[in-house]
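First up is the structure itself, then whatever we jot down about it.
Number of protein chains: 2
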Amino acid sequence: MAERFSFRVALIGSGRLGTQLAMALEKGGHRIAEIFNPSQKSAEKLAYNLYSSQLVNSLDFSDSDCNFFIIAVPDEAIEQVATEIVLPDEAIIVHTSGATPMSILEVTAAENFGVLWPLQSFSHGATISFSQLPIIIEGSNDHTLEILNRVVASLGSEPVFMEEEERKNLHVAAVFASNFTNFMLRSAERVLEKDDISLDILKPLVVETIRKAFEIGPENAQTGPAAREDFTTIDAQTLLLADNESLQRMYRMISQEIIDSKYESDV
Amino acid sequence: MAERFSFRVALIGSGRLGTQLAMALEKGGHRIAEIFNPSQKSAEKLAYNLYSSQLVNSLDFSDSDCNFFIIAVPDEAIEQVATEIVLPDEAIIVHTSGATPMSILEVTAAENFGVLWPLQSFSHGATISFSQLPIIIEGSNDHTLEILNRVVASLGSEPVFMEEEERKNLHVAAVFASNFTNFMLRSAERVLEKDDISLDILKPLVVETIRKAFEIGPENAQTGPAAREDFTTIDAQTLLLADNESLQRMYRMISQEIIDSKYESDV
Chain A
1 MAERFSFRVA LIGSGRLGTQ LAMALEKGGH RIAEIFNPSQ KSAEKLAYNL
51 YSSQLVNSLD FSDSDCNFFI IAVPDEAIEQ VATEIVLPDE AIIVHTSGAT
101 PMSILEVTAA ENFGVLWPLQ SFSHGATISF SQLPIIIEGS NDHTLEILNR
151 VVASLGSEPV FMEEEERKNL HVAAVFASNF TNFMLRSAER VLEKDDISLD
201 ILKPLVVETI RKAFEIGPEN AQTGPAARED FTTIDAQTLL LADNESLQRM
251 YRMISQEIID SKYESDV
Chain B
268 MAERFSFRVA LIGSGRLGTQ LAMALEKGGH RIAEIFNPSQ KSAEKLAYNL
318 YSSQLVNSLD FSDSDCNFFI IAVPDEAIEQ VATEIVLPDE AIIVHTSGAT
368 PMSILEVTAA ENFGVLWPLQ SFSHGATISF SQLPIIIEGS NDHTLEILNR
418 VVASLGSEPV FMEEEERKNL HVAAVFASNF TNFMLRSAER VLEKDDISLD
468 ILKPLVVETI RKAFEIGPEN AQTGPAARED FTTIDAQTLL LADNESLQRM
518 YRMISQEIID SKYESDV
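Chains as they are written, first to last, in the working numbering: chain A, 1 to 267; chain B, 268 to 534.
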């Protein structure tokens with residue numbers, strides 16, 4: 001375990017990510033001293049689960065004795081928080097967004113600011129172990145980076161340093177790997193709805209597909225009619241989807257991309 | 268466990284599915300007596316791992332004492348096997364394909380024929396537990412269905428009865444859920460290749476995404492820029508993919524489908 005050190009943390013935003021991060025930071029030895037959230041309900045619920053936290057209803061932290069500030073609000077609200085927040089001297093402030101530049105925090109007038117982005121999608125109910133997560137960091141200076149390294153270590157995880165451009169690419173990759181795979185499952189579910197069959201029937205197949213993709217790499221793991229260029233099956237399946245234009249369009253398009261991708265490396 | 272009964276099985280095709288099915292059937296109390304495969308190598312390897320199996324090099328089984336015949340060859344080869352095979356009296360014959368009609372087996376002259384389709388993608392190396400798999404069956408008559416029910420039970424699984432149309436739909440759904448999700452991971456990997464980052468960084472996110480999709484349903488689990496109709500992020504991410512037309516096209520198209528799908532239920 002890393003050398004013991006701890007922060008007095010102010011958390012702005014007690015949604016799903018903020019809540020889980022606060023609990024994990026407390027376990028890591030920090031004190032979540034103050035919580036700001038427009039809706040008091042989730043803030044109260046979180047405070048109830050923490051050792052000793054105070055709800056605040058202003059972003060003026062000039063009299064606060066917190067030294068680590070975390071913005072965990074929706075991406076589109078970060079700018080407003082950064083503009084309104086008043087920080088004590090020497091404060092460190094981070095946002096937790098993969099898609100937002102670190103420079104959005106320049107207006108806070110803090111010297112030490114950065115990004116701490118846990119690469120995960122957070123749900124109510126499911127407790128995420130931060131020690132299993134890649135946590136992406138960026139800092140305005142070496143001091144901040146050093147601090148962020150230690151904060152991530154206190155969560156039991158290994159920090160991954162990335163600059164903005166790289167983080168943005170990772171965010172796009174995450175959209176393909178998470179949002180779009182989920183939409184493929186939604187599409188499968190819609191095909192099954194015709195016959196009133198539950199998506200559960202596909203669970204062993206999907207779990208094995210994912211396991212295999214990470215074991216041998218998705219390029220080697222690619223199977224199916226398109227990968228085999230089995231146009232008889234592709235045509236038959238396209239026809240089967242005639243009652244749903246959207247599924248048919250996607251089936252056609254992704255099949256074509258799978259076929260094309262086989263030849264791209266030769267070009 | 269079901270009442271003990273057993274077959275003398277002839278296996279036509281000792282590829283990945285055939286091999287794993289033969290091993291599982293032997294464990295289930297059956298004898299894999301004969302194996303036919305154009306390439307002897309995989310047949311020999313399988314026979315070596317079984318109790319007592321004989322390699323045969325002809326599809327003329329008229330003198331065979333096998334009573335259960337399994338065709339586990341690539342889809343496009345099933346018809347030729349069905350045309351050439353000569354069966355003993357009273358034989359039961361099945362194919363193992365999700366995409367192929369049961370009626371393709373009518374030319375075998377067997378009265379008892381059917382489909383036994385394990386809904387899984389089989390790899391060399393990874394041993395699949397059939398007891399965890401949905402196995403889809405169809406039979407030419409009640410007797411065959413009764414037999415297939417018992418065979419599936421002897422594999423430790425529950426059979427799922429489906430007629431052809433339903434099985435075809437399930438096969439399309441499997442393409443979305445398995446082949447297309449794998450391709451989304453491949454696409455994520457290509458985005459990461461720009462920065463020389465391994466796909467592994469996305470594994471905790473993907474595992475959680477899949478877990479959540481099956482827990483609360485992919486419709487409820489859908490998140491991301493498109494689900495939020497966050498066009499600022501969608502435009503920025505589309506731009507980031509400018510150096511790869513194929514990824515850009517897919518990003519745009521699937522994002523649009525996610526947006527459209529939110530309104531379809533209202534129509």
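Even glycine gets a Cβ: it sits at the ideal position worked out from N, Cα and C.
Count the other CB atoms within 10 Å of the CB of PHE328/B; is the residue buried (16 or more) or exposed (fewer)? buried
Considering just the uninterrupted stretch of the alpha helix (DSSP H) at PHE214/A, what are its terminal residues? 203–216
Quick check: what's the CA-CA separation for GLN132/A versus ILE210/A? The straight-line gap from Cα to Cα measures roughly 17 Å.
Identify whether TYR530/B lies in helix, strand or coil by the three-state DSSP scheme. helix
Integer-rounded CB distance, given that PHE447/B should sit under 8 Å from MET184/A: Confirmed, about 5 Å.
Applying a beta-carbon distance threshold of less than 7 Å, which residues of chain B neighbour MET253/A? MET520
For PHE161/A and chain B, any beta-carbon pair shorter than 8 Å? no
Which two residues bound the contiguous alpha helix (DSSP H) that contains GLN321/B? No alpha helix (DSSP H) holds GLN321/B; the beta strand (DSSP E) holding it covers 321–323.
Please state whether the Cβ-Cβ distance between LEU284/B and PHE389/B is less than 8 Å. Yes, the pair counts as a contact, with Cβ atoms nearer than the cut-off.
C-alpha distance - LYS168/A paired with VAL175/A, whole-angstrom precision: 11 Å
Range of the contiguous alpha helix (DSSP H) that encloses GLU79/A: Boundaries of the alpha helix (DSSP H) harbouring GLU79/A: 78–84, taken from the DSSP string.
Limits of the beta strand (DSSP E) - the one that GLU405/B falls within: 402–406
Taking the alpha helix (DSSP H) that PHE183/A falls in, what are its first and last residues? 181–193
Straight-line gap, PHE36/A to ILE93/A (C-alpha atoms, nearest Å): 14 Å
Cα-Cα separation between CYS333/B and GLY381/B, rounded to whole angstroms: Straight-line Cα distance between these residues: approximately 17 Å.
Measure the C-alpha to C-alpha separation of GLU138/A and GLU163/A and round it to an integer number of angstroms. 6 Å
Neighbouring residues, chain A, relative to SER390/B (Cβ below 7 Å): In chain order: LYS212.
With a 10 Å radius around its C-beta and 16 neighbouring C-beta atoms as the bar for buried, classify LYS312/B as buried or exposed. The residue is exposed, with fewer than 16 neighbouring Cβ atoms inside 10 Å.
Got a sec? Which residues, its chain only, sit under 8 Å from GLU26/A by beta carbon, not counting five neighbours each side? ILE32, LEU50 and TYR51
Cβ closer than 9 Å: which chain B residues qualify as neighbours of ASP235/A? Chain B residues near ASP235/A: none, gap ~12 Å exceeds 9 Å.
Rounded C-alpha distance that separates THR83/A from SER53/A: Rounded to whole angstroms, THR83/A to SER53/A spans 24 Å at the Cα level.
So for LEU278/B, helix, strand or coil by DSSP? Strand.
How long is the line joining the alpha carbons of GLU166/A and PRO101/A, rounded to whole angstroms? Computed Cα separation, rounded: 11 Å.
Taking Cβ-Cβ distances below 8 Å as the criterion, which residues of the region 110–139 of chain A are in contact with chain B? LEU119, GLN120, SER121, SER123, ALA126, ILE128, GLN132, LEU133 and PRO134
List the residues of chain B whose Cβ lies closer than 7 Å to the Cβ of VAL172/A, in chain order. In chain order: VAL458, GLN504, LEU507 and LEU508.
Any chance the region 451–466 of chain B sits against the region 208–223 of chain A, with 3 or more Cβ pairs inside 8 Å? Yes: at least three Cβ pairs fall under 8 Å.
As assigned by DSSP and simplified to three states, the class of GLU3/A: Bear in mind that the predicted position of GLU3/A carries a pLDDT of just 45, short of 50, making it unreliable; the figure below should be weighed with that in mind. In the structure shown, GLU3/A sits in coil (DSSP, three-state: anything other than H, G, I, E or B).
Would you say VAL172/A and LEU508/B are within 8 Å of each other, going by their C-beta atoms? yes
Along the chain, where does the alpha helix (DSSP H) that runs through LEU148/A open and close? 142–154
Within the 8 Å Cβ cut-off, does GLN287/B reach chain A? no
What's the gap between the Cα of HIS95/A and the Cα of GLN256/A? 40 Å
Find the nearest neighbour of HIS391/B within the set ALA221/A, THR233/A, SER6/A and ASP243/A, judged by alpha-carbon distance. Comparing Cα-Cα distances from HIS391/B to each of ALA221/A, THR233/A, SER6/A and ASP243/A, the minimum goes to ALA221/A.
Is it true that the CB of ILE197/A sits closer than 8 Å to the CB of ALA226/A? no
Please confirm whether GLY222/A has its beta-carbon closer than 8 Å to some beta-carbon of chain B. The sequence given here places Gln at residue 222/A; Gly does not occur at that position. GLN222/A counts as touching chain B.
CA-to-CA distance, GLU158/A to VAL152/A, given in whole angstroms: Those two C-alpha atoms are separated by around 6 Å.
What's the C-alpha gap between ASP200/A and GLU208/A? Taking the straight line joining both Cα atoms gives about 14 Å.
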